[in-house]
Amino acid sequence: MNFEDIKKQLIEFLKTEVSKTGLQKVTVGISGGLDSAIVAVLCKEAFGDNFSGVLMPSQFSSDSSIKDAVKLCEEFDISYEVVEIKPMLEAYIKNMNEDKLRIGNYSARIRMSVLYDISARDKSLVIGTSNKSEILLGYGTIFGDIACAINPIGQMYKSDEFEFAKYLGVVAAIIEKKPSADLWEGQSDEDDLGYSYSVMDQVLKQLVDENKSKEQLIKDGVEKELIEMCEYRIKSNAFKGKLPIIANIKGY
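Quick note on numbering: the sequence shown equals residues 395 to 646 in this note's numbering.
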């Protein structure tokens, strides 16, 4: 991969799409993870001081996530603010022992609500941080971390991000850590999904980009359960990437 060319394309994409809105500033939620780190570095280069980051830790956020997010901002001279979402979370969910996934999804929606309010305050645009693997698998919260105005990395698979992040100079701790949405203590993307991104991405690339059939992949030695998991998630979560379906009233 020509990372220099990819970087130039994404920076040009950001500048072009933001200029179309008439706005000059952009806002990104920085979690301490790989996706938001890549987007933050790109936005800093594209917009300079017209870019700001928002760190939104909860009681479930790991100390390393917060430290890594701060370190990234300091190393790349990114202006940032910290908004603790714990009070907002506790104001609605009284029992923190309830379903972890539900609480995690609600946390993601709180964070996006905060980002959009800050963008209204600053007259800025919210930039997305979901990668292609997450989008295809539906591994994200609808109206939560998936929500954004524009997304520079939505065509990049997660497994390809690691080398790209190294090229961009992202801090090593962020690149080396286990991928996690940090929705609850000890949560891991790959544990949730059952496979590593490197394994899943190979299947996704063949199913989606190369349009290979399930039968072809099985013949090539790919695990049947893995293929079916990918196919099921792609189909069942496709609605997350679409606008709401509106009823067509005949004769209206």
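Built from N, CA and C at the ideal position, the CB exists for glycine as well.
Item: Rounded to the nearest angstrom, what separates Lys480 and Ile612 at their Cα positions?; Value: 46 Å
Item: Drop a sphere of 10 angstroms on the beta-carbon of Phe454, count the other beta-carbons inside from all chains shown, and report buried for 16 or more, exposed for fewer.; Value: buried
Item: Would you decide whether Asn489 is buried or exposed? Buried here means 16 or more other CB atoms lie within 10 Å of its CB.; Value: exposed
Item: Determine contact between the segment 519 to 526 and the segment 486 to 504, defined as no fewer than three beta-carbon pairs at a distance below 8 Å.; Value: no
Item: Mapping the DSSP letters down to three states, classify Ser527 as helix, strand or coil.; Value: helix
Item: Pull up the DSSP beta-bridge partners for Thr421, would you.; Value: Ser446 and Val520
Item: Tell whether a beta-carbon distance below 8 Å holds between Ser430 and Lys571.; Value: no
Item: Identify, in the order they occur along the chain, each residue of the same chain with its Cβ nearer than 6 Å to the Cβ of Asp539, setting aside the five sequence neighbours on each side.; Value: Ala502
Item: Could you give the DSSP three-state label for Ile544: helix, strand or coil?; Value: strand
Item: Among Asp595, Ser574 and Ser592, whose alpha-carbon lies nearest the alpha-carbon of Asp585?; Value: Ser574
Item: How would you write the range of the alpha helix (DSSP H) that Ser473 sits in, first residue to last?; Value: Taken as a continuous stretch (DSSP letters only), Ser473 belongs to no alpha helix (DSSP H), being part of the beta strand (DSSP E) at Ser473 to Val476.
Item: Quick check on Pro638: buried or exposed, where buried means 16 or more other Cβ atoms within 10 Å of its Cβ?; Value: exposed
Item: With a cut-off of 8 Å on the beta carbons, I'd call Cys467 and Gly442 a contact; round off their distance for me.; Value: Not really, about 14 Å apart at Cβ, beyond 8 Å.
Item: Using the Cα positions of Tyr551 and Lys517, report the straight-line distance between them to the nearest angstrom.; Value: 31 Å
Item: Quick check on the DSSP output: the alpha helix (DSSP H) that includes Glu439 runs from which residue to which?; Value: Leu428 to Phe441
Item: If I'm right that Ile512 touches Thr421 with Cβ under 8 Å, what's the distance once you round it to whole angstroms?; Value: 6 Å
Item: Just the Cα atoms here: how many angstroms apart are Gly615 and Gly548?; Value: 28 Å
Item: According to the Cβ coordinates, are Asp462 and Ala567 closer than 8 Å?; Value: yes
Item: Could you spell out the range, first to last residue, of the alpha helix (DSSP H) harbouring Asp539?; Value: Note, Asp539: premise wrong, no alpha helix (DSSP H); not H, not E.
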